[in-house]
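Asker: Sharing a structure, written as structure tokens. Questions coming.
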Amino acid sequence: MTGYTDLASAHGGLLDEGMQMITKPFSVEAIVNRVQGILG
């Protein structure tokens with residue numbers, strides 16, 4: 008989770024291969040969907 012924008016995060020090298028990120032602010036629905044997607 009980060010407060011940085013998607014653009015800054017993607018181009019700033021903050022994520023290693025295979026890592027997931029969600030940017031703030033996000034809805035409860037968005038975080039639930041992201042976690043469910045990660046868990047399969």
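Start counting at 1 in the sequence shown, then tack on 7, and there's your number in the numbering used here.
The beta-carbon is built from N, C-alpha and C at its ideal position, and this holds for glycine as well.
Predicted model, so just to flag it, every value in this text is computed and none were measured.
(1) Check this for me: beta carbons of Met27 and Ile38, under 9 Å apart or not?
(2) State the Cα-Cα distance for the pair Ile29 and Gly47, rounded to the nearest angstrom.
(3) For Thr9, tell me which candidate among Asp23, Gly25 and Pro32 has the shortest Cα-Cα distance.
Answerer: Straight from the coordinates:
(1) Here residue 27 refers to the residue found at position 20 of the sequence shown. Here residue 38 refers to the residue found at position 31 of the sequence shown. The question names Met, but residue 27 in the sequence shown is Gln. Going by C-beta atoms, Gln27 is not nearer than 9 Å to Ile38.
(2) As a first step, residue 29 is located in the sequence shown; it is residue number 22 there, counting from the start. As a first step, residue 47 is located in the sequence shown; it is residue number 40 there, counting from the start. Straight through space, the alpha carbons of Gly47 and Ile29 are spaced by roughly 17 Å.
(3) Stepping through the sequence shown from its first residue, residue 9 is reached at position 2. If we check each option's Cα against that of Thr9, Pro32 comes out closest.
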